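The sequence shown begins at 1 in full-length UniProt numbering and counts up by one.
The next block holds one structure in the form of structure tokens; read it before the comments.
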Amino acid sequence: MDSTEGMFEFKLYRYTPSLGAAVLFLILFALITIYHLYQVIRLRSWYFLVFVFGGVFQVIGYICRALAHNDTNSIPIYSIGTIMILLAPPLYAASIYMTLGRLIKYLDAEALSIVPTRWLTLIFVIGDVVAFVMQAAGGGIMASGSLSAMNTGETVTIVGLAVQLAFFSVFIVTSTIFHWRIHHNPTERSLIKGQSKWTETTWVTVMGVLYVSSVLILVRSIFRLIEYAQGNAGYLISHEVFMYVFDSMLMFFTMVVMGFYHPSKLLNPGRMGRQSGDTTTQLHRLASA
Numbered sequence: 001m002d003s004t005e006g007m008f009e010f011k012l013y014r015y016t017p018s019l020g021a022a023v024l025f026l027i028l029f030a031l032i033t034i035y036h037l038y039q040v041i042r043l044r045s046w047y048f049l050v051f052v053f054g055g056v057f058q059v060i061g062y063i064c065r066a067l068a069h070n071d072t073n074s075i076p077i078y079s080i081g082t083i084m085i086l087l088a089p090p091l092y093a094a095s096i097y098m099t100l101g102r103l104i105k106y107l108d109a110e111a112l113s114i115v116p117t118r119w120l121t122l123i124f125v126i127g128d129v130v131a132f133v134m135q136a137a138g139g140g141i142m143a144s145g146s147l148s149a150m151n152t153g154e155t156v157t158i159v160g161l162a163v164q165l166a167f168f169s170v171f172i173v174t175s176t177i178f179h180w181r182i183h184h185n186p187t188e189r190s191l192i193k194g195q196s197k198w199t200e201t202t203w204v205t206v207m208g209v210l211y212v213s214s215v216l217i218l219v220r221s222i223f224r225l226i227e228y229a230q231g232n233a234g235y236l237i238s239h240e241v242f243m244y245v246f247d248s249m250l251m252f253f254t255m256v257v258m259g260f261y262h263p264s265k266l267l268n269p270g271r272m273g274r275q276s277g278d279t280t281t282q283l284h285r286l287a288s289a
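Now the structure itself:
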């Protein structure tokens, strides 16, 4: 569908969506999402279902992009695909916010967080929800198909991306300050890590995963913000390769990293309950060594 007004022509796609790339990432996201669902069920870490939903959104999004290869004029296919891929990262972000809050409590380090833990998850998740709703609204407005709606939808989406970027930047600063503080003022539980291998899921590797995932999502958000700010005729949105490099690949790597050092291996309720007794035992062993 092309909408024209004056010299401007709005196009759903300024290229023919690659079928091969769409199918490839459809398969990749489907496999890693199934793995995360398995981990959630196995570890009973229901709080992490939000992350799984993000993977489901990606799968739906790339199904739509595959369909768009042979139907570039379908507004429903374009709208659903765009909205699903756009909204998956905020779901990843919500999971990351919840993970940091749980990790701080796990380490008995509430006093070291610059944001009280009872508010930390709530504040960032609320910001994430606002960004999520605005991006969803922007996508919904664009789905109406008129040129004015397309422009309005892009503006709303840009604001939603900016909100997400702002909250995520503050979150990274909050995480970094907490990590610095616990490094210089360790809690008893944070000391129980010395004999662990780098391949094991410990609070240190979980923090590392949060950093890596946060940076990947941050880079992706900056890319999307610039892409939408350039408008429908912009250079980035006109070349499909940029989306796959700065969105698809980065978000797939985010899911892979979170899967390798799955936070729930450390932070699920059963593990946290058992760890209380394990910590005391290990401290006695360290003291007597």
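Virtual Cβ for every residue (Gly too), placed ideally from N, Cα, C.
None of these values were measured; they are calculated from a predicted model.
Nearest-angstrom Cβ-Cβ length linking G231 and E154, presumed shorter than 8 Å: 7 Å
Sequence-distant residues of its chain with Cβ nearer than 7 Å to I217 (five each side left out): P89, Y92, A93, F168 and T254
Alpha helix (DSSP H) segments (min. 4 residues) lying fully within the region 135 to 212: 147 to 184
Rounded C-alpha distance that separates I152 from P186: The sequence given here has Thr at residue 152, not Ile. Rounded to the nearest angstrom, the two C-alpha atoms are 50 Å apart.
Top-ranked residue by Cα proximity to A109, from W119, Q135 and H179: H179
Cutoff 7 Å; reference A95; Cβ partners in own chain excluding five residues on either side: Correcting the residue identity first, residue 95 is Ser in this sequence and not Ala. For S95, where only same-chain residues beyond five positions count, the Cβ hits under 7 Å are F48, V50 and F51.
Residue from L87, V125, P17 and A21 whose Cα sits closest to the Cα of S221: L87
Spatial distance of V256 from V209 (CA atoms): 10 Å
Beta-carbon contacts of T16 that lie in its chain and below 7 Å, excluding the five residues immediately before and after: H69 and T72
Nearest to M134 (by Cα), restricted to the options I83, Y106 and V170: The residue with the shortest Cα to Cα distance from M134 is I83.
Residue interval of the alpha helix (DSSP H) (run including F242): E240 to M243
C-alpha distance - D247 paired with F223, whole-angstrom precision: 8 Å
Distance CB(I114)-CB(I177) smaller than 8 Å: yes
L191 classed as buried or exposed, judged by whether at least 16 other C-beta atoms fall within 10 angstroms: Exposure of L191 is indicated by the presence of fewer than 16 other C-beta atoms within 10 angstroms of its C-beta.
Buried or exposed (CB count within 10 angstroms, at least 16 for buried), G20: exposed
Beta carbon of G138 nearer than 8 Å to that of V156: Yes, these two residues count as a Cβ contact at 8 Å.
Where the alpha helix (DSSP H) through I114 begins and ends: Where I114 is concerned, there is no enclosing alpha helix (DSSP H), given that its DSSP letter is neither H nor E.
6 Å Cβ shell around F53 - same chain, five flanking residues per side excluded: L91
Rounded separation between P76 and I41 - CA only: 33 Å
For T117 and L100, the rounded distance between their alpha carbons: 9 Å
Residue closest to V23, alpha-carbon to alpha-carbon, out of G234, V59, H36 and L12: Ranked by Cα distance from V23, the options G234, V59, H36 and L12 are led by V59.
Start-to-end residues for the alpha helix (DSSP H) that takes in P89: Run containing P89: I75 to Y106, per the alpha helix (DSSP H) assignment.
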